[in-house]
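Q: In this note's numbering, the protein residues as written are 2 to 161.
The C-beta atom is built at its ideal place from N, Cα and C for all residues, glycine as well.
Laid out in structure tokens, this is it:
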């Protein structure tokens, strides 16, 4: 690092020990006689990674951000036409679902279903329908694939 004239900020430096759920070996890391903080979850380039490599924290983060935007969409739905609501969805909600989805594509079915339910909620708001209408019908009317299908397409584009 001295060749590039860069200095490591030891106050911002953290480490995470990846391990199974059953084991948590104690480990103390020091760099230049300064103890480095151990973290259990870290946000790296917008993706939350935890020590067990499960996506619970990341899915919770996406759910939180999307829910805020869906609440805003719900409030605006009283005076916005459908094309404007679709534009809002495509601009402010869909990118949150799509960001780095090829990285966390291996999330569990339970985690994926949480995200699908939130997407369906946005569809109900845009179409101004009650939740008694089936989610596949909502997606068909809007021309939306499931989020799982979108992740498969993104993964195929990335690989090929």
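Give me the residue from 11, 51, 36 and 33 with the minimum Cα distance to residue 19.
A: Locating residue 19 in the chain shown gives position 18, counting from the first residue. Ranking the options by Cα distance to residue 19, first place goes to 51.
Q: Assuming residue 42 contacts residue 49 under a Cβ cut-off of 8 Å, what Cβ separation, rounded to an integer in Å, is found between them?
A: For the purposes of this step, residue 42 is taken as the residue at position 41 of the chain shown. For the purposes of this step, residue 49 is taken as the residue at position 48 of the chain shown. Between residue 49 and residue 42 the Cβ distance is about 6 Å, and since that is below 8 Å, they are a contact.
Q: Under a Cβ-count criterion, where at least 16 other Cβ atoms within 10 Å of its own Cβ denotes burial, should residue 79 be classed as buried or exposed?
A: Reading the chain shown from its first residue, position 78 is the one you call residue 79. Burial call: exposed.
Q: Residue 122: buried (16+ other C-beta within 10 angstroms of its C-beta) or exposed?
A: Reading the chain shown from its first residue, position 121 is the one you call residue 122. Looking at its Cβ environment, which holds 16 or more other Cβ atoms inside 10 Å, residue 122 is buried.
Q: From residue 142 to residue 83, what distance separates their C-alpha atoms?
A: To locate residue 142, count along the chain shown from 1; it is residue 141. To locate residue 83, count along the chain shown from 1; it is residue 82. Distance between the alpha carbons of residue 142 and residue 83 is about 12 Å.
Q: Which two residues bound the contiguous alpha helix (DSSP H) that contains residue 108?
A: Translated into the one-based positions of the chain shown, residue 108 becomes position 107. Where residue 108 is concerned, there is no enclosing alpha helix (DSSP H), given that its DSSP letter is neither H nor E.
Q: Do residue 90 and residue 127 have their C-beta atoms closer together than 8 Å?
A: Numbered from 1 along the chain shown, position 89 holds the residue referred to as residue 90. Numbered from 1 along the chain shown, position 126 holds the residue referred to as residue 127. Their beta carbons are under 8 Å apart, which means residue 90 touches residue 127 by this criterion.
Q: Mind checking which residues open and close the alpha helix (DSSP H) that includes residue 153?
A: Along the chain shown, one-based indexing puts residue 153 at 152. Taken as a continuous stretch (DSSP letters only), the alpha helix (DSSP H) holding residue 153 covers 148-160.
Q: Measure how close the beta-carbons of residue 103 and residue 159 come, nearest whole angstrom, since I'm counting them as under 8 Å.
A: Residue numbering aside, residue 103 sits at position 102 when the chain shown is read from its first letter. Residue numbering aside, residue 159 sits at position 158 when the chain shown is read from its first letter. Right, their Cβ atoms sit about 5 Å apart.
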